[in-house]
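Q: Here you go, one structure.
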């Protein structure tokens, strides 16, 4: 499978609130043949704390959907050109709080402007134009990426032939108190310095590790490890090791920016705009986006948009991580859905 990682650069990116980012950079990974880009691109969107490395790493460095992307797999790279961008405001190469503000020569930090999910998809649009992707076979999003899938569906309904939203919702979770709780978590670090900690903030990395460890438990990673036969102490050690590795690459300010953005996301009032068929996938044990959202979301979209909308409930003990761990239980459903709605001759 042909895999390429790159950074797209653009200038004068105007945000929804009127602020301008003088320089926009979007880190992205592509899978498959760019010859398919014009009409058969799949835009694949990652989660809150994740990155564009969705596949191509093999056993030594597997992506978050390693078994779902590739030749003959559910997202078939012999048919589709797959583009996975790092979302605006994140910390894996796309412009965000850790990026250098060209006006100051220092990281934006807490001065990074507030962004919206609409800003995020506008950054995608610039990237897709550069890549020559005019017609999207599908927009596919996991977790936070599912927010962006719905945002694409209601904002640019004419651009895609299908939508796949996985372990996500049509409205965001939490409110401003959720953001304040996250801010207080980092404010407790001695070196936080109001968020200007990049020259060496004591305790910030430890706060990131603590945050990530709790997230991994909430996502169901501990259950996955126990089922591999690890004892409690070994599970705790592995969670800490995974969290520590993640903390070296992520940014606390990015967590805050992205969380605030998520709390304000709501595509439900614009559901009538959706024109593409939808596959909506939720796991039975996901405590972030529980299965109770399934039928009510599907019913709302059918009533408002009148499109084909299909709900698939994934029976799995692995919570929010279920679509990655138990990929074989639902990958066939996505493959069949894309076969029916996404494929078009090159």
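Residue numbers (our numbering): 19 to 364.
Note that beta-carbon positions come from the ideal geometry of N, C-alpha and C, so glycine has one too.
For residue 283, which three-state DSSP category applies?
A: In the chain shown, counting from the first residue as 1, residue 283 sits at position 265. If DSSP states are grouped into helix, strand and coil, residue 283 belongs with coil.
Q: Taking the alpha-carbon of residue 210 as reference, which of 21, 254 and 226 has the nearest alpha-carbon?
A: Mapped onto the chain shown, residue 210 falls at position 192. Minimum Cα distance to residue 210 is reached at 226.
Q: Contact between the segment 131 to 146 and the segment 271 to 284: three or more CB pairs below 8 Å?
A: Short answer: they touch.
Q: Per DSSP, residue 27 is paired with what?
A: For this step, residue 27 is matched to residue 9 along the chain shown. Partner(s): 43.
Q: Just how far apart, CA to CA, sit residue 48 and residue 60?
A: Along the chain shown, read from residue 1 onward, the residue named residue 48 stands at position 30. Along the chain shown, read from residue 1 onward, the residue named residue 60 stands at position 42. For residue 48 and residue 60, the distance between alpha carbons rounds to 10 Å.
Q: Within 10 angstroms of its Cβ, does residue 36 collect 16 or more other Cβ (buried), or is it exposed?
A: Taking the chain shown and counting its residues from 1, the one referred to as residue 36 is at position 18. Counting Cβ neighbours within 10 Å, residue 36 comes out exposed, since fewer than 16 surround it.
Q: For residue 131, which of helix, strand or coil comes out of DSSP?
A: Taking the chain shown and counting its residues from 1, the one referred to as residue 131 is at position 113. It is coil, neither helix nor strand.
Q: How many angstroms separate the CA atom of residue 137 from the CA atom of residue 143?
A: Taking the first residue of the chain shown as 1, we reach residue 137 at position 119. Taking the first residue of the chain shown as 1, we reach residue 143 at position 125. For residue 137 and residue 143, the distance between alpha carbons rounds to 10 Å.
Q: With burial defined as no fewer than 16 other Cβ atoms inside 10 Å of the residue's Cβ, what is the status of residue 198: buried or exposed?
A: One-based indexing of the chain shown puts residue 198 at position 180. Residue 198 should be labelled exposed.
Q: Mind checking which residues open and close the beta strand (DSSP E) that includes residue 330?
A: Position 312 of the chain shown, counting from 1, holds the residue named residue 330. From DSSP, the beta strand (DSSP E) with residue 330 extends over 327 to 332.
Q: What do you get for residue 304, buried or exposed, if any count of 16 or more other CB atoms within 10 angstroms of its CB means buried?
A: Looking up residue 304 in the chain shown gives position 286. When all chains shown are included, residue 304 counts as buried.
Q: Under DSSP, the beta strand (DSSP E) around residue 298 begins and ends at which residues?
A: One-based indexing of the chain shown puts residue 298 at position 280. 296 to 301 is the span of the beta strand (DSSP E), which, as asked, contains residue 298.
Q: Does DSSP put residue 124 in a helix, in a strand, or in coil?
A: Taking the first residue of the chain shown as 1, we reach residue 124 at position 106. Of the three classes helix, strand and coil, the one that applies to residue 124 here is strand, per DSSP.
Q: Thinking just about the alpha-carbon of each residue, which of 339, 355 and 347 is nearest to the one in residue 186?
A: Here residue 186 refers to the residue found at position 168 of the chain shown. Out of 339, 355 and 347, 339 has the C-alpha closest to the C-alpha of residue 186.
Q: Where does residue 206 land, buried or exposed, given buried means 16+ other C-beta within 10 angstroms?
A: In the chain shown, residue 206 corresponds to position 188, counting from 1. The residue is exposed, with fewer than 16 neighbouring Cβ atoms inside 10 Å.
Q: Pick helix, strand or coil for residue 352, following the three-state DSSP scheme.
A: Taking the chain shown and counting its residues from 1, one reaches residue 352 at position 334. Helix, per DSSP.
Q: Kindly indicate the opening and closing residues of the beta strand (DSSP E) around residue 341.
A: Sequence index remark: in the chain shown, residue 341 carries index 323 (1-based). From DSSP, residue 341 is part of no beta strand (DSSP E) but of the alpha helix (DSSP H) over 340 to 343.
Q: Quick check on the DSSP output: the beta strand (DSSP E) that includes residue 337 runs from which residue to which?
A: Residue mapping note: residue 337 aligns to position 319 of the chain shown, counting from 1. Unbroken run through residue 337: none, as it is neither H nor E.
Q: Between residue 88 and residue 73, is the Cβ-Cβ spacing less than 8 Å?
A: Reading the chain shown from its first residue, position 70 is the one you call residue 88. Reading the chain shown from its first residue, position 55 is the one you call residue 73. In this structure, residue 73 lies closer than 8 Å to residue 88 by Cβ.
Q: Mark residue 362 as exposed unless 16 or more other C-beta atoms lie within 10 angstroms of its C-beta, in which case mark it buried.
A: For the purposes of this step, residue 362 is identified with residue 344 of the chain shown, where counting begins at 1. That one is exposed.
Q: If you compare alpha carbons, which of 68, 345 and 290 is closest to residue 335?
A: Your numbering for residue 335 matches position 317 in the chain shown. Comparing Cα positions, the closest option is 345.
Q: Kindly indicate which three-state DSSP category residue 110 falls into: helix, strand or coil?
A: Within the chain shown, the letter at position 92 stands for residue 110. Correct three-state label for residue 110: coil.
Q: At a cut of 8 Å, does the segment 169 to 186 reach the segment 289 to 309 through at least three beta carbon pairs?
A: Contact between the segment 169 to 186 and the segment 289 to 309 is present, because at least three Cβ pairs lie under 8 Å.
Q: Give me the Cα-Cα distance between residue 194 and residue 200, rounded to the nearest whole angstrom.
A: Start at 1 with the first residue of the chain shown, and residue 194 comes out as number 176. Start at 1 with the first residue of the chain shown, and residue 200 comes out as number 182. Taking the straight line from one Cα to the other gives about 10 Å.
Q: Distance check for residue 28 and residue 111, CA to CA, integer angstroms please.
A: For the purposes of this step, residue 111 is taken as the residue at position 93 of the chain shown. For the purposes of this step, residue 28 is taken as the residue at position 10 of the chain shown. Rounded to the nearest angstrom, the two C-alpha atoms are 14 Å apart.
Q: Per the DSSP calculation, residue 32 is bridged to which residue(s)?
A: Indexing the chain shown from 1 puts residue 32 at position 14. DSSP lists 38 as partners of residue 32.
Q: What distance in whole Å lies between the Cβ atoms of residue 80 and residue 102, which are believed to be in contact at a cut-off of 8 Å?
A: Working through the chain shown from its first residue, we reach residue 102 at position 84. Working through the chain shown from its first residue, we reach residue 80 at position 62. Wrong, their Cβ atoms sit about 14 Å apart, outside the cutoff.
Q: Using CA coordinates, which residue listed in 352, 291 and 86 is at the minimum distance from residue 324?
A: By one-based count along the chain shown, residue 324 stands at place 306. For residue 324, the nearest C-alpha among the options comes from 291.
Q: Just to confirm, is the Cβ distance from residue 240 to residue 253 under 8 Å?
A: Position 222 of the chain shown holds residue 240. Position 235 of the chain shown holds residue 253. Cβ distance < 8 Å, so residue 240 and residue 253 count as in contact.
Q: So, helix, strand or coil for residue 138, using DSSP?
A: The residue given as residue 138 occupies position 120 in the chain shown. Helix at residue 138.
Q: Given that a residue counts as buried once 16 or more other Cβ atoms are within 10 Å of its Cβ, and exposed if not, what is residue 67?
A: As a first step, residue 67 is located in the chain shown; it is residue number 49 there, counting from the start. Label assigned to residue 67: buried.
Q: Tell whether a beta-carbon distance below 8 Å holds between residue 125 and residue 216.
A: In the chain shown, residue 125 corresponds to position 107, counting from 1. In the chain shown, residue 216 corresponds to position 198, counting from 1. Taking 8 Å as the Cβ cut-off, residue 125 and residue 216 qualify as a contacting pair.
Q: Between 230, 24, 65 and 84, which lies nearest to residue 263 when the distance is taken from Cα to Cα?
A: Here residue 263 refers to the residue found at position 245 of the chain shown. When only C-alpha atoms are compared, the closest one is 230.
Q: In the DSSP output, which residue or residues are listed as bridge partners for residue 94?
A: If you number the chain shown from 1, residue 94 lands on position 76. Note: residue 94 sits in a beta bridge opposite 88.
Q: Could you give the DSSP three-state label for residue 237: helix, strand or coil?
A: Here residue 237 refers to the residue found at position 219 when the chain shown is read from its first residue. Three-state DSSP puts residue 237 in a helix.
Q: For residue 218, count neighbouring Cβ atoms within 10 angstroms of its own Cβ and tell me buried if that reaches 16, exposed if not.
A: Indexing the chain shown from 1 puts residue 218 at position 200. Exposed, since its Cβ has fewer than 16 Cβ neighbours within 10 Å.
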